[in-house]
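Remarks on the structure that follows.
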Amino acid sequence: METREPAIRIAGLQKSYQDLQVLKGVDLTVDGGSIFALLGSNGAGKTTIVRILATLLKSDGGTAVVNGFDVAAEPASVRESISLTGQFAAVDEILSGRENLIMIAKLRRVGNPAGVADDLLRRFSLTDAGGRRVATYSGGMRRRLDIAMSLIGDPPVVFLDEPTTGLDPEARLEVWQEIQKLAGGGTTIFLTTQYLDEAEKLADRIAILHQGTIIVSGTLAELRQLLPPAKVEYVERQPTLEEIFLAIVGKEKQP
Amino acid sequence: MTTHVLSDTGVMLGRSVRHVTRSVDTIITVTIMPIAFLLLFRYVFGGAIQTGSDNYTNYLMPGVLLIAIASGISYTAYRLFNDLQGGIFERFNSMPISRSSVLWGHVLTSLVSNAISAAVIVLVGLAIGFRTSAGILSWLAVVGILAVFTLALTWVAIISGLSASTSDGAAAFSYPIIFLPFISSAFVPTETMPGPVRAFAENQPVTSIVNTLRALWEQQPVGHEIWIALAWCAGILVVAYVFAMAAYRRKIG
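Those protein sequence lines, which keep their order, are chains A and B. Letter by letter, the first sequence follows residues 256 to 510 in the numbering used here. Letter by letter, the second sequence follows residues 782 to 1034 in the numbering used here.
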């Protein structure tokens, strides 16, 4: 991490599915240790970018470099540097949570897989559920296990493809906290989302993917400047439904 | 990465063996139909079938085992299909592991689970009158041929699991294979069949495998049948492996 080479660098990335051109020359750069949010509507191509970066899909043109390795030329080194949490929880339903973690720890060849598993179960408040089959887990627990599995071996770059889609508000907050902790520890996070508040809350930099290209990118403050300066208006602020929900179920909303 | 193939495959094998042992219903489903056939032919149809041998249970055993294997491998296709549907397949493929281990884990699991169901069926056979004086070498040959047959059909199952679009579709390929022993020497001598059916029965893989297993158990000379049987298995194995790998490469991009 001495050199401040960007963690991810994409230039002119193109991808088509048959006649449909999904990516029409995508350029973006993600700094090491930052949280980068890629916004876009459904079908905009967010997952396609993630799958190319995770070496699961070949691009039709352009270059993509992750942690200093070209995804097309050095896929094995890229895989050593990343972990992917896809849109659908990539957990084994028939194994227990603990067995899932041990399996990944063995595949990543980390020392003491059982110790690593117990540690992560504790960190993600899954200790009690650790011995149960994942099939019995709630959506939030599954997602937490999924992210815990992605952290084994401390990969420097973590891809989270719509990490909170389908989660209830509490589970969402838990996932957000984990993402922030992770970035605090120096991991680069590349996340895709269709929730604007998620990007606003978490991301150091935000890019918007629309019709195959990045139409804007920058910090939240920079994006705000794209609009006319704020006018001061007096508005009676009603609590959002999320605030009401969280107040009633008795969880504090995190700052 | 190649140095990790064995340990990665070991982890994958451990995973899918757990899938087998934790769904006991799978083992029951796989063994119940062949056992039903065994009982049906032994106690219902068997009396009317003239095979020229005095122990019809002995005559039945090879075909019933092949039916068991043909239905057993459909679960390999099913398990692989489920991996592809969930995110776990992509997770494995985005990890620094040997990619072939993802498939080999399923293949080895198929060998283990089919060995278990074959053993159960042989035990049931022994209980209803299957007898053999075969020695250790003959038994090893029997196990070897069944293993190669399982391996060949498992790679067929892998193609199906990789390319199916529904879980029912993933398992459907096995139905014709399950049916194949009925048009062979597995239950009745082929001599009794009309011309074209007999020609098909005598020249399809099941007949040579069944005849070889029967000869090994009866302590008869296996003749050239064993080589025809092995050639069929090896041929299916090579072709299926090539197509399965092509399907896999398409899948992982």
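The beta-carbon is built from N, C-alpha and C at its ideal position, and this holds for glycine as well. Since the model is a prediction, treat every value here as computed from it, not as a measurement.
- Runs of the alpha helix (DSSP H) lying entirely within the stretch 874 to 908 of chain B and spanning at least 4 residues, in chain order: 881 to 908.
- Proximity of Met358 of chain A to chain B, defined by a Cβ-Cβ separation below 8 Å, is satisfied.
- In terms of CA proximity to Gln269 of chain A, A:Val305 leads the group A:Phe445, A:Val305 and A:Asp409.
- Residues are counted here when their Cβ sits less than 7 Å from a Cβ of chain B; for the stretch 400 to 424 of chain A the count is zero.
- Counting every other CB atom within 10 Å of its CB across the protein chains shown gives Gly394 of chain A a total below 16, marking it as exposed.
- For Leu283 of chain A, no Cβ of chain B is located within less than 8 Å of the residue's own Cβ.
- For Asp806 of chain B, there are no neighbours in chain A by C-beta distance under 7 Å, as the nearest C-beta there is about 12 Å away.
- Shown in chain order are the members of the stretch 867 to 884 of chain B whose Cβ falls below 7 Å from a Cβ of chain A: Gly867, Gly868, Ile869, Glu871, Arg872, Asn874, Ser875, Met876, Pro877 and Ile878.
- Note on geometry: alpha-carbon atoms of Asp423 of chain A and Trp431 of chain A lie some 12 Å from one another.
- Sequence-distant partners of Gln985 of chain B (beyond 5 residues in either direction) whose C-beta falls short of 8 Å from its own C-beta, in its chain, are Leu961, Ile964 and Ser965.
- For Thr382 of chain A, no beta strand (DSSP E) run applies, since DSSP gives it neither H nor E.
- Residue burial is scored here from C-beta neighbours: Lys486 of chain A has fewer than 16 other C-beta atoms within 10 angstroms and is therefore classed as exposed.
- The Cβ atoms of Leu889 of chain B and Thr802 of chain B lie no closer than 8 Å to each other.
- Around the beta carbon of Asn895 of chain B, 16 or more other beta carbons sit within 10 angstroms, so the residue counts as buried.
- In summary, the residues of the stretch 342 to 357 of chain A whose CB is separated from some CB of chain B by less than 8 Å are Gln342, Phe343, Ala344, Ala345, Val346, Asp347, Glu348, Ile349, Leu350 and Glu354, in the order they occur in the chain.
- When secondary structure is reduced to three states using DSSP, Ser965 of chain B falls in the coil class, being assigned neither helix nor strand.
- Annotation: Cβ neighbours of Ile1033 of chain B in chain A (cutoff 8 Å, chain order): Leu311.
- Residues of the same chain with their beta carbon placed closer than 6 Å to that of Gly795 of chain B are lacking, with the five preceding and five following residues left out of the count.
- For the 8 Å CB-CB criterion, Ala938 of chain B and Thr810 of chain B do not form a contact.
- For the options A:Glu488, A:Leu400, A:Gln466 and A:Glu453, the alpha carbon positioned closest to that of Ile290 of chain A is the one of A:Glu453.
- Annotation: Gly916 of chain B to Phe343 of chain A spans about 53 Å, alpha carbon to alpha carbon.
- Under a 10 Å Cβ-count criterion, His1005 of chain B is classified as exposed, with fewer than 16 other Cβ atoms of the shown protein chains found around its own Cβ.
- Residue range Arg460 to His465 is occupied by the beta strand (DSSP E) that includes Arg460 of chain A.
- Excluding five sequence positions before and after Gly441 of chain A, the CB atoms of its chain that fall closer than 6 Å to its own CB belong to Gly288, given in chain order.
- Excluding residues up to 5 positions away in sequence, Thr971 lie with their Cβ nearer than 7 Å to the Cβ of Glu983 of chain B in the same chain.
- Within the stretch 330 to 391 of chain A, the alpha helix (DSSP H) runs of at least 4 residues that lie entirely inside it are, in chain order, 330 to 336, 352 to 362 and 368 to 378.
- Taking a beta-carbon distance threshold of 8 Å, Leu362 of chain A counts as an interface residue toward chain B.
- Interface annotation, Leu268 of chain A: not in contact with chain B, CB-CB separation never under 8 Å.
- The beta carbon of Asp459 of chain A is closer than 6 Å to those of Ser289 and Ile290 in its chain, skipping five residues each way along the sequence.
- Between Thr468 of chain A and Leu415 of chain A, the gap from beta carbon to beta carbon reaches 8 Å or more.
- Counting the other CB atoms within 10 Å of its CB gives Leu375 of chain A a total of 16 or more, which places it among the buried residues.
- The DSSP-derived three-state label of Arg912 of chain B is coil.
- Here Ser955 of chain B is near Ala851 of chain B, since their CB atoms are less than 8 Å apart.
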